[in-house]
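>
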Amino acid sequence: MESCKVVENIYLLVVVTLISVLQNVFFAQKVERECNCKNTHASAFERVSCANRNCMDAYPTFLAVMWCAGLCLSQAPAAFAGIIYLLVRQKYFIGYLGQTSQSTPGYLFGKRIISFLSLMCFVGIFNYLLGRFFGSDYKEYVETITSAASALLLLP
Amino acid sequence: MESCKVVENIYLLVVVTLISVLQNVFFAQKVERECNCKNTHASAFERVSCANRNCMDAYPTFLAVMWCAGLCLSQAPAAFAGIIYLLVRQKYFIGYLGQTSQSTPGYLFGKRIISFLSLMCFVGIFNYLLGRFFGSDYKEYVETITSAASALLLLP
Amino acid sequence: MESCKVVENIYLLVVVTLISVLQNVFFAQKVERECNCKNTHASAFERVSCANRNCMDAYPTFLAVMWCAGLCLSQAPAAFAGIIYLLVRQKYFIGYLGQTSQSTPGYLFGKRIISFLSLMCFVGIFNYLLGRFFGSDYKEYVETITSAASALLLLP
Chain A
670 MESCKVVENI YLLVVVTLIS VLQNVFFAQK VERECNCKNT HASAFERVSC ANRNCMDAYP
730 TFLAVMWCAG LCLSQAPAAF AGIIYLLVRQ KYFIGYLGQT SQSTPGYLFG KRIISFLSLM
790 CFVGIFNYLL GRFFGSDYKE YVETITSAAS ALLLLP
Chain B
670 MESCKVVENI YLLVVVTLIS VLQNVFFAQK VERECNCKNT HASAFERVSC ANRNCMDAYP
730 TFLAVMWCAG LCLSQAPAAF AGIIYLLVRQ KYFIGYLGQT SQSTPGYLFG KRIISFLSLM
790 CFVGIFNYLL GRFFGSDYKE YVETITSAAS ALLLLP
Chain C
670 MESCKVVENI YLLVVVTLIS VLQNVFFAQK VERECNCKNT HASAFERVSC ANRNCMDAYP
730 TFLAVMWCAG LCLSQAPAAF AGIIYLLVRQ KYFIGYLGQT SQSTPGYLFG KRIISFLSLM
790 CFVGIFNYLL GRFFGSDYKE YVETITSAAS ALLLLP
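Chains as they are written, first to last, in the numbering used here: chain A, 670 to 825; chain B, 670 to 825; chain C, 670 to 825.
#1: How big is the Cα-Cα spacing for B:Cys-704 and A:Leu-756?
#2: Using three-state DSSP, classify A:Tyr-807 as helix, strand or coil.
#3: Please list the partners that A:Ala-720 has in chain C, where partner means a Cβ-to-Cβ separation under 8 Å.
#4: With contact counted as at least three CB pairs below 8 Å, one residue from each stretch, are the stretch 808-821 of chain A and the stretch 725-741 of chain B in contact?
#5: Answer yes if the stretch 794-808 of chain B comes into contact with the stretch 690-700 of chain A, meaning at least three C-beta pairs across the two stretches below 8 Å, and no otherwise.
#6: Shorter than 8 Å from the beta carbon of C:Cys-724 to some beta carbon of chain B?
#7: Are the Cβ atoms of A:Arg-716 and A:Leu-766 separated by less than 8 Å?
#8: Which residues mark the beginning and the end of the alpha helix (DSSP H) in which A:Phe-749 is found?
#9: Which residues in chain B sit within 7 Å of C:Ser-794, going by Cβ to Cβ distance?
#10: In chain B, which residues lie with their C-beta within 7 Å of the C-beta of C:Thr-730?
#11: Quick one: is C:Thr-815 buried, meaning 16 or more other Cβ sit within 10 Å of its Cβ, or exposed?
#12: What number of angstroms, rounded off, separates the C-alpha of A:Tyr-685 from the C-alpha of B:Phe-714?
#13: Flag B:Glu-671 as yes if its beta-carbon sits less than 8 Å from any beta-carbon of chain A, otherwise no.
#14: Beta-carbon within less than 7 Å of B:Leu-682's beta-carbon, same chain only, minus the 5 sequence neighbours each way: which residues are those?
#15: Give me, in chain order, the residues of the same chain whose beta-carbon lies closer than 8 Å to that of A:Thr-813; leave out the 5 immediate sequence neighbours on both sides.
#16: Kindly indicate if chain C contains any beta-carbon less than 8 Å away from that of A:Leu-740.
#17: Where do the ends of the alpha helix (DSSP H) carrying C:Ala-820 lie?
#18: Just checking: is the beta-carbon of C:Ala-817 within a distance shorter than 8 Å of some beta-carbon in chain B?
#19: In whole angstroms, what is the alpha-carbon distance linking C:Val-700 and C:Val-811?
#20: Which whole-angstrom value is the C-beta distance of C:Ile-782 and C:Ile-753, which I expect to be below 8 Å?
#21: Could you work out which residue in C:Gly-793, C:Leu-788, C:Thr-730 is closest to C:Leu-777 when comparing CA atoms only?
#22: For B:Glu-701, which residues in chain C fall below 9 Å Cβ to Cβ?
#23: Secondary structure at B:Tyr-776, three-state DSSP: helix, strand or coil?
#24: Using the Cα positions of B:Ile-849 and A:Ala-711, report the straight-line distance between them to the nearest angstrom.
#25: Cα-Cα, which of C:Ile-688, C:Met-789, C:Cys-741, C:Lys-780 is closest to B:Tyr-680?
#26: Let's test the definition: count the other Cβ atoms within 10 Å of the Cβ of C:Leu-732 and tell me whether it reaches 16, buried, or not, exposed.
#27: Please tell me whether B:Val-734 has its Cβ less than 8 Å away from any Cβ of chain A.
#28: Based on Cα-Cα distance, which residue from B:Val-676, B:Leu-798, B:Glu-809 lies nearest to A:Val-676?
#29: The ligand ADP and A:Leu-821: does any heavy atom of the ligand fall closer than 7 Å to the residue's C-beta?
#30: Does the beta-carbon distance from C:Ala-750 to C:Phe-785 come in below 8 Å?
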């Protein structure tokens with residue numbers, strides 16, 4: 670019963686985490702394949718390895734901020750933003766491979782989504798502190814606003 | 670009381686996480702030592718650094734999937750699979766150092782364990798959704814089967 | 670109500686995690702800027718990239734051990750140790766950029782804080798097992814001692 674309650678509050682986050690793990694494995698297999706392929710250009714391996722490394726560097730940050738946002742405020746918008754982040758990451762990875770090495774995309778990606786998730790954490794904690802010290806609880810309003818605001822991430 | 674409950678459901682996962690942290694520190698100290706050692710071959714440093722980086726790249730993925738599996742389904746099989754993963758990682762790291770650079774092991778390792786943990790997550794969430802929408806709860810059966818299945822990871 | 674309880678036990682950890690995410694973004698932007706700057710020395714990019722990578726390699730370990738310590742024992746000393754770690758990391762990053770490449774600081778940093786957090790996890794689990802098998806609960810004493818001991822991290 671108790672354990673069911675736990676799953677209820679996090680299952681969307683777990684689903685997004687699982688999808689991100691599948692994506693990581695997909696990236697890693699790309700690297701593995703380039704690694705084993707003998708008659709490859711060094712630059713192709715260099716590029717896929719660099720793309721993978723940039724994605725992996727940002728991965729713990731993304732996970733931490735998504736779970737914090739999901740736990741502090743509400744899981745649905747956090748999981749939705751997570752899905753968008755994974756799409757952006759996929760596009761970044763593919764784009765990195767296709768580019769010539771002179772014009773690689775930058776080191777950072779998904780800044781808007783990370784900012785949104787951080788903002789969710791801030792709002793969640795602020796709301797908690799407000800409820801603790803002043804007894805007022807705006808959680809429902811905040812959750813509604815957050816869900817609506819997460820749709821803005823769809824804008825290109 | 671409440672806090673005790675929390676610890677009860679995760680203490681095995683915490684133990685495995687602690688062991689993995691100790692292993693990370695062990696890996697990092699290997700790199701540190703090669704780094705400081707002046708009369709070393711560049712290739713030895715190259716190799717230990719690469720082995721450490723491959724292990725570190727896969728570490729967040731492993732942590733995420735182990736904790737999700739432990740929270741969603743049950744902690745004992747997840748922690749057991751985590752221990753097996755750490756042994757595989759140790760073997761990979763040692764094997765990487767011993768090899769000549771022409772025949773390094775691949776980029777990926779522990780694929781079977783990550784798949785098993787992902788499967789546990791899927792089953793846990795599926796079971797939760799089944800319980801939510803149809804009112805049936807097979808959690809006990811699933812936990813028993815999972816515990817039995819985790820023994821299969823011991824096969825070489 | 671239930672969800673409020675959750676936030677109550679973790680909000681300090683979430684705050685520290687958020688600050689660490691901001692620091693990560695700061696590091697990443699430093700790398701990004703060096704990356705785009707055309708008339709830069711290769712060594713400057715090399716150095717900032719290496720400093721960022723060392724910090725990122727240790728980041729999942731830090732997060733895992735801080736959250737485990739916070740969940741198993743008590744969040745205030747864990748969050749305090751986390752803040753100290755972030756300060757040490759900032760100093761390490763800045764120090765790395767300023768050094769000549771002959772005398773870079775080592776690969777590891779913040780060993781004392783990671784050890785302290787690991788010790789907190791061990792104590793928390795040990796205390797839980799003691800309470801489970803012998804019915805004695807020293808959690809309050811342990812928490813007081815831990816809070817006092819965390820002040821020792823301030824020593825240089």
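For each residue, glycine too, the CB sits at the ideal point set by N, CA and C.
This is what the structure gives:
#1: 38 Å
#2: coil
#3: Residues of chain C passing the Cβ test: none, with the nearest at roughly 14 Å.
#4: no
#5: no
#6: no
#7: yes
#8: 744-767
#9: One point to set straight first is that residue 794 of chain C is Ile, not Ser, in the sequence displayed. Correct list: Tyr-680, Val-683, Val-684.
#10: Val-690, Asn-693
#11: buried
#12: As written in the sequence, residue 685 of chain A is Val, which differs from the Tyr given in the question. If you take the alpha carbons of A:Val-685 and B:Phe-714, they lie about 37 Å apart.
#13: Residue placement at B:Glu-671 is poorly supported in this model, since its pLDDT is 48, which falls under 50; the coordinates still yield a value, given next. Not an interface residue.
#14: Met-735, Trp-736, Gly-739, Gln-744, Ala-747, Ala-748
#15: none
#16: yes
#17: Premise fails: C:Ala-820 is in no alpha helix (DSSP H) and is neither H nor E.
#18: no
#19: 42 Å
#20: 6 Å
#21: C:Thr-730
#22: Gly-775, Tyr-776, Leu-777
#23: coil
#24: No answer is possible for residue 849 of chain B: the residues shown for chain B start at 670 and end at 825.
#25: C:Cys-741
#26: buried
#27: yes
#28: B:Leu-798
#29: The model on display carries no ligand, and the ligand ADP is accordingly not part of it.
#30: yes
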